[in-house]
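Beneath this line is the structure, given in structure tokens, with notes to follow.
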DNA sequence: CTGTTTACCTGGGGGC
DNA sequence: TGCCCCCAGGTAAACA
């Protein structure tokens, strides 16, 4: 499932290939994927040049010149990939962008159709981020803000780290990995962590995410980069999907349970 | 207001 | 083989 490292991998891939390309046409085959009227969507972006591509949390932003911006959220199973101009889309490929003087198209594919593309004015991106209640990006947050976020309530660490309004970008896989690396149990609460413990968590967040970006994301089933290639971070997972297998550190079996309704993996010996 | 549960989708896997 | 049921997960909306 695309979380921060997967969206970052896509943002970098798109930046490498689509910067300064001009959108020539958009083929929408499933209109619920785009927010609002399909015809308006087409009209507002056709003929516009891609000026900048970046992400905040799991949201991807394409800035067009002179206007507008497109926000894309892949949710559970969304994919963005480049393919030959004339390749035939399968039944889950809902939208294609064509470009001037470029022999590839950018396709949006989404088996579960949870993802969305939205048009917003460029000047309103910060407003959009506010309306979506997104906190600071998980790679940009500073220790003070993380501390405030974790002490904001007596919910579990799992719930706190998944809460996009506190810090944006973490999903189920990386939260489990971060809590393992930091050595904290997912159902323990954040409000009585010491400064030293918060620092441990802070470092684990950045370490786990940076490593996953280096590995070009985690591919358990769906994730692919803009070239259709799988990531390799699944081979570095310590707890997620490892239920019953021996912990890499202490050889005790990894436990899978539910915390806040989410599948949660941890080592009862290494995490306290 | 806060925190928890459910709906949205589809494919895959287990049980029989 | 095939059918039924449940599970996976990010977010928004509904709920307590």
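In this note's numbering, the protein residues as written are 1032 to 1303.
Here a beta-carbon is modelled for each residue, glycine too, at the ideal position from N, C-alpha and C.
Since the structure is predicted, the reported quantities are computational estimates derived from the model, not experimental observations.
Could you give the residue range of the alpha helix (DSSP H) that holds residue 1139?
As a position in the first chain, residue 1139 is number 108, starting the count at 1. Going by DSSP, residue 1139 is part of no alpha helix (DSSP H) but of the beta strand (DSSP E) stretching over 1135 to 1141.
Three or more C-beta pairs under 8 Å: does that hold for the stretch 1133 to 1140 against the stretch 1109 to 1124?
Touching, yes.
For residue 1157, which of helix, strand or coil comes out of DSSP?
Within the first chain, numbered from 1, the residue matching residue 1157 stands at position 126. In the structure shown, residue 1157 sits in a helix (DSSP, three-state: H, G or I).
Residue 1051: buried (16+ other C-beta within 10 angstroms of its C-beta) or exposed?
Position 20 of the first chain, counting from 1, holds the residue named residue 1051. Counting the other Cβ atoms within 10 Å of the Cβ of residue 1051 gives fewer than 16, which makes it exposed.
Opening and closing residue of the beta strand (DSSP E) in which residue 1111 lies
Here residue 1111 refers to the residue found at position 80 of the first chain. Residue 1111 -> beta strand (DSSP E) spans 1109 to 1115.
Does residue 1048 come out as helix, strand or coil in the three-state DSSP assignment?
As a first step, residue 1048 must be located in the first chain, where it is residue number 17. In the structure shown, residue 1048 sits in a helix (DSSP, three-state: H, G or I).
Since residue 1108 and residue 1145 are thought to touch, with beta carbons under 8 Å apart, how far apart are those beta carbons, to the nearest angstrom?
Position 77 of the first chain holds residue 1108. Position 114 of the first chain holds residue 1145. With a Cβ gap of about 7 Å, residue 1108 and residue 1145 count as contacting.
Distance between residue 1078 and residue 1211 (C-alpha atoms, nearest Å):
Position 180 of the first chain, counted from the start, is the residue given in the question as residue 1211. Position 47 of the first chain, counted from the start, is the residue given in the question as residue 1078. The alpha-carbon atoms of residue 1211 and residue 1078 are separated by roughly 48 Å.
Roughly how many whole angstroms lie between the Cα atoms of residue 1176 and residue 1089?
Position 145 of the first chain holds residue 1176. Position 58 of the first chain holds residue 1089. Rounded to the nearest angstrom, the two C-alpha atoms are 19 Å apart.
According to DSSP, simplified to helix, strand and coil, what is residue 1239?
Taking the first residue of the first chain as position 1, residue 1239 is located at position 208. Here residue 1239 sits in helix by DSSP.
Inter-stretch contact (C-beta, 8 Å, three-pair minimum) for the stretch 1198 to 1209 and the stretch 1219 to 1227:
Because the criterion of three Cβ pairs below 8 Å is not met, the stretch 1198 to 1209 and the stretch 1219 to 1227 do not touch.
Considering residue 1094, what are the terminal residues of the alpha helix (DSSP H) in which it resides?
Numbered from 1 along the first chain, position 63 holds the residue referred to as residue 1094. Looking at the DSSP string, residue 1094 is not in any alpha helix (DSSP H); the run it does join, the beta strand (DSSP E), is 1090 to 1096.
How is residue 1169 classed by DSSP in three states: helix, strand or coil?
Sequence index remark: in the first chain, residue 1169 carries index 138 (1-based). Residue state, collapsed to three classes: coil.
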